[in-house]
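Here is the structure we will look at, set down as structure tokens.
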Amino acid sequence: MTAIVERLSVSPRVERIGNAELWLGDARELLPTLTADAVVTDPPYGIGRDGKPRSSSSHGGHKGYEFKGWDSLPPSGEVLDLLRSSAPVQVIWGGNYIADKLPASGKWLVWDKGQRIDQSDCELAWTSMGGALRVFTLNRVALLIEGAVHPTQKPVEVMAWSLDQAKLLSGQSVMDPFMGSGTTGIACHRRGLRFTGIEIDKTYFD
26 MTAIVERLSV SPRVERIGNA ELWLGDAREL LPTLTADAVV TDPPYGIGRD
76 GKPRSSSSHG GHKGYEFKGW DSLPPSGEVL DLLRSSAPVQ VIWGGNYIAD
126 KLPASGKWLV WDKGQRIDQS DCELAWTSMG GALRVFTLNR VALLIEGAVH
176 PTQKPVEVMA WSLDQAKLLS GQSVMDPFMG SGTTGIACHR RGLRFTGIEI
226 DKTYFD
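Once you know that position 17 of the sequence shown is 42 in the working numbering, the rest is easy, because the numbers rise by one and skip nothing.
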């Protein structure tokens, strides 16, 4: 993991767009300096999905992405501790891959992808909140409609639903330390929330 981060690391840079503050840099270095009302994020899961070859089929296939190596390991306990200390509320997608590093939680979020093919039927998010498990159904085709630019991109609607589950009020702040394509930020804009995003890869950041 360290070698991968060092290879991708760049000097921190910040861009501001409306109520969004976007940081190009390493979340491990920036998280101790930033706070928010909630962290809503989709970090690497450690399952090697940081790229995929292009495919073709009668329905158009899917876009290919360069393999960059950032999904070789899930976040460390140290990084998760930084996430949890940065905000009183956390929603962390891929929680099933890191549940051993997080406290027990009753309120898991489930994105039902609306298709039963050879990929996962659903994705899971761990949350710091109490309450019952919740399910949101949205066909993964939504990504094609939005125009995916990242191999593990979440649809804007999924991230907007995540914000709704966190019961945030207009004007509150959200941080995504693994910003990727920025769909969390778009969802925040639509919900009237302030947003701070961190991304280490300059191509995704741009």
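No residue lacks a Cβ here, since even glycine has one placed at the ideal position from N, Cα and C.
From a predicted model like this one, the values you see are computed outputs, not experimental measurements.
- Annotated three-state conformation of A45 is strand, per DSSP.
- In the three-state reduction of the DSSP assignment, Q115 falls in the strand class, which pools E and B.
- About 7 angstroms separates the beta carbons of V104 and A52, which is inside the 8 angstroms limit, making them a contact pair.
- Out of R216, Q178, A112 and T177, the CA that lies nearest to the CA of A185 is found in R216.
- With at least 16 other beta carbons inside 10 angstroms of its own, T209 counts as buried.
- Per DSSP, the beta bridge partners of D201 are G222.
- C-alpha of F161 to C-alpha of L134: approximately 8 angstroms in a straight line.
- In the three-state reduction of the DSSP assignment, R159 falls in the strand class.
- Each of Y229, K179 and E224 was checked against the Cα of L49, and the nearest Cα belongs to E224.
- When the five nearest sequence neighbours on each side are left out, the beta carbons in the same chain lying within less than 6 angstroms of the beta carbon of W151 are those of I117, G120, L127 and S130, in order along the chain.
- In this structure, the CA atom of G43 is about 9 angstroms from the CA atom of F220.
- Between L149 and the set R109, N164 and W136, the nearest pair of CA atoms involves W136.
- Between E91 and the set A212, S187, H175 and V181, the nearest pair of CA atoms involves H175.
- Here the C-alpha atom of F230 lies approximately 30 angstroms from the C-alpha atom of D143.
- Of A112, A167 and K138, the smallest CA-CA separation from V199 is found for A112.
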